[in-house]
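J.:
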Amino acid sequence: MSKTLVSVALWALIGWLLGAWLGADIGWAIFALGLLAMVLVSGQQLSRVSKWVKSIDEPPPPSVGPWDEILAPIYRKLKRNRLELQERHRSFQRAILAAEALPDGALTLDGDMALQWCNQTAAGHLGLNLDQDKGHSILHILRAPDFARYAGQKSWDKPLLLHLTIRNQERLLQLHLAPYGRGHFLMVTRDVTQIERLENTRKDFVANVSHELRTPLTVLTGFLETLHDMPDDALTAEQREHYLTLMMGQAGHMQALVSDLLTLSALESSPGQDGRPVGMPGLIHAALDQGKALSAGRHALVVLVDEDLDVLGSTQELSSAVSNLLTNAIRYTPDGGTITAGWQRDAEGRPRYWVQDTGIGIAAVDIPRLTERFFRVDRGRSRETGGTGLGLAIAKHVAIRHQAELDIQSTPGAGSTFAIEFPTERQCDAIAQHNSAA
Ligand code: ADP
53 MSKTLVSVAL WALIGWLLGA WLGADIGWAI FALGLLAMVL VSGQQLSRVS KWVKSIDEPP
113 PPSVGPWDEI LAPIYRKLKR NRLELQERHR SFQRAILAAE ALPDGALTLD GDMALQWCNQ
173 TAAGHLGLNL DQDKGHSILH ILRAPDFARY AGQKSWDKPL LLHLTIRNQE RLLQLHLAPY
233 GRGHFLMVTR DVTQIERLEN TRKDFVANVS HELRTPLTVL TGFLETLHDM PDDALTAEQR
293 EHYLTLMMGQ AGHMQALVSD LLTLSALESS PGQDGRPVGM PGLIHAALDQ GKALSAGRHA
353 LVVLVDEDLD VLGSTQELSS AVSNLLTNAI RYTPDGGTIT AGWQRDAEGR PRYWVQDTGI
413 GIAAVDIPRL TERFFRVDRG RSRETGGTGL GLAIAKHVAI RHQAELDIQS TPGAGSTFAI
473 EFPTERQCDA IAQHNSAA
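Our numbering applies: residue 53 is where the sequence shown begins, and numbers increase by one.
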């Protein structure tokens, strides 16, 4: 029996008892007063409840009678719902954070392909602004016919590769649609611009290497066929010698090319290292000896070397860079020119190796491309002097691996200066090195 009925029955009992004792009128009056008191208490309780409803997260007001039975379960239920809601909100936030942490872009679309949500990566990929674009069709946002065709498919087994210009930047994006839930769509976006660029570089590189090897190989094969097809007595000893010299030249060029390719590959595949003290003056003098042989007296060679200055690094790598810059200067300087090789600290105290020539020079437009593999200003001249087109690419790589900079200054017709500038932390004193070695 509810508390209300018990209270009414109690008042009725009190009224009946007092009525039997003091008279029926008094009994009824007591009963009526009892009911009135119950109504007043309920009214007061109602006003407390209506106040409580406005701040429902608080516990209910103290209650009398049946109100406690009514309010307590409501409050318990509300509390449970609130906790559940908080937990759901936390799960939702975790899901959003996880989606934000995805390395790929992700966006959700409703059944009409209207944007509902996207993570920051997708916003960056597609140039979206969620506040403005939410609710708009992704077809209208992207306005790409290829994407419209892709979105019109019934299923999406494969992603779509799409070239887009976002904020003046050309990009190649991989987009993959997938249906989820009730007629909604998830789209995953990935920026593959860099991958495509690398793939193109790789293809160009393979094509270049094949081309570089094919030319000497064709010449070599031609000579071999001539020698093979000719009767022994058809060639004089001088002619035979001449052919063999030319063939050796071509074989030598292929050897130089393969050797430079191996050097580049070693530079790319091994990690950069702090290195040991490298006797730079010794390397420069050795390169100068080679340079003198290459120049064969056609140039004046000047040397300005600080014999006490060494750097930390790789002897093999630095030797390659030092001789590449010097042999280039000799190869691209006409007879009678002057080549100066220097190794000193610059005005800021940084160790600096430089080679200055009075050669043909390089046009400003070509300078940024000089360190690209196989780039030559004059292909014929490079080949004539035995160039592989890889010397400066190697020098640049070596410089980067020593945290150094390759600086190129040139004036067409007047000459060039190629310099490798090392950070001061790389320098070491040649004398200190000998002492520590002792
Ligand atoms: P290559 O084997 O063709 O010399 P490099 O990578 O060493 O290849 O040099 C790339 C190009 O830079 C050369 O083909 C040449 O056109 C230009 N170059 C390099 N050094 C000099 C220089 N000292 N003077 C003028 N041009 C140079």
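Ideal Cβ positions, reconstructed from N, Cα and C, are used throughout, including at glycine.
These figures come from a predicted structure and were not determined experimentally.
Between D387 and the rest of its own chain, which residues show a CB-CB distance below 6 Å, the 5 nearest in sequence each way excluded?
T.: The residue labelled residue 387 in the question sits at position 335 within the sequence shown. Once the five neighbours on either side are set aside, the close Cβ partners of D387 are R350.
J.: Identify, in the order they occur along the chain, each residue of the same chain with its Cβ nearer than 6 Å to the Cβ of R242, setting aside the five sequence neighbours on each side.
T.: Position 190 of the sequence shown, counting from 1, holds the residue named residue 242. So the list reads D156, Q226, once near-sequence residues are dropped.
J.: When burial is assigned at 16 or more other CB atoms within 10 Å of the CB, is Y232 buried or exposed?
T.: The residue labelled residue 232 in the question sits at position 180 within the sequence shown. Its Cβ having fewer than 16 others within 10 Å, Y232 is exposed.
J.: Is it the case that the stretch 380–396 contacts the stretch 311–320, given that we only count it when at least three CB pairs across the two stretches are under 8 Å?
T.: Contact between the stretch 311–320 and the stretch 380–396 is absent, because fewer than three Cβ pairs lie under 8 Å.
J.: Nearest-angstrom Cα distance between L269 and A303?
T.: Numbered from 1 along the sequence shown, position 217 holds the residue referred to as residue 269. Numbered from 1 along the sequence shown, position 251 holds the residue referred to as residue 303. L269 and A303 have their C-alpha atoms roughly 8 Å apart.
J.: Among R428, G411, I412, D162, which residue has its Cα nearest to the Cα of D418?
T.: Start at 1 with the first residue of the sequence shown, and residue 418 comes out as number 366. The residue with the shortest Cα to Cα distance from D418 is R428.
J.: With DSSP run on the structure shown, which of helix, strand or coil describes E369?
T.: Residue mapping note: residue 369 aligns to position 317 of the sequence shown, counting from 1. Reduced to three states, the DSSP call for E369 is helix.
J.: Considering only the alpha carbon of each residue, which of A339, G441, I108 lies closest to R421?
T.: Here residue 421 refers to the residue found at position 369 of the sequence shown. The candidate whose alpha carbon is nearest that of R421 is G441.
J.: With distances taken Cα to Cα, identify the nearest neighbour of K344 among L356, T379, T245.
T.: As a working mapping, residue 344 is identified with position 292 in the sequence shown. Distance from the Cα of K344 is smallest, within the candidate group L356, T379, T245, for T379.
J.: Going by C-alpha distance, which of E424, A338, C480, A289 is nearest D362?
T.: As a first step, residue 362 must be located in the sequence shown, where it is residue number 310. Of the listed residues, the one whose Cα sits closest to D362 is C480.
J.: Taking the alpha carbon of W395 as the point to measure from, which residue in R431, V374, I412 has its own alpha carbon closest?
T.: In the sequence shown, residue 395 corresponds to position 343, counting from 1. Per the Cα distances, V374.
J.: Can you name, in chain order, every residue of its own chain whose Cβ lies under 6 Å from the Cβ of L123, other than the five neighbours on each side?
T.: Position 71 of the sequence shown, counting from 1, holds the residue named residue 123. Once the five neighbours on either side are set aside, the close Cβ partners of L123 are P112, S115.
J.: Would you say L319 and I460 are within 8 Å of each other, going by their C-beta atoms?
T.: Position 267 of the sequence shown holds residue 319. Position 408 of the sequence shown holds residue 460. No.
J.: Quick check on this structure: which residue in G86, H280, A466, F426 has the alpha carbon closest to the alpha carbon of T56?
T.: Reading the sequence shown from its first residue, position 4 is the one you call residue 56. Selected option, being the one with the closest Cα: G86.
J.: Please list the segments of the alpha helix (DSSP H) lying wholly inside the stretch 374–435, counting only runs of 4 or more residues, in order along the chain.
T.: none
J.: So for S115, helix, strand or coil by DSSP?
T.: For the purposes of this step, residue 115 is identified with residue 63 of the sequence shown, where counting begins at 1. Correct three-state label for S115: coil.
J.: Use the C-beta contact count for E369: other C-beta atoms within 10 angstroms, 16 or more gives buried, fewer gives exposed.
T.: Along the sequence shown, one-based indexing puts residue 369 at 317. By the 10 Å Cβ count, E369 comes out buried.
J.: Give me whichever residues DSSP pairs with P231 in a beta bridge.
T.: Looking up residue 231 in the sequence shown gives position 179. BP columns for P231 point to F237.
J.: Does the beta carbon of D256 fall short of 7 Å from some heavy atom of ligand 3?
T.: Among the ligands modelled here, namely ligand 1, ligand 3 does not occur.
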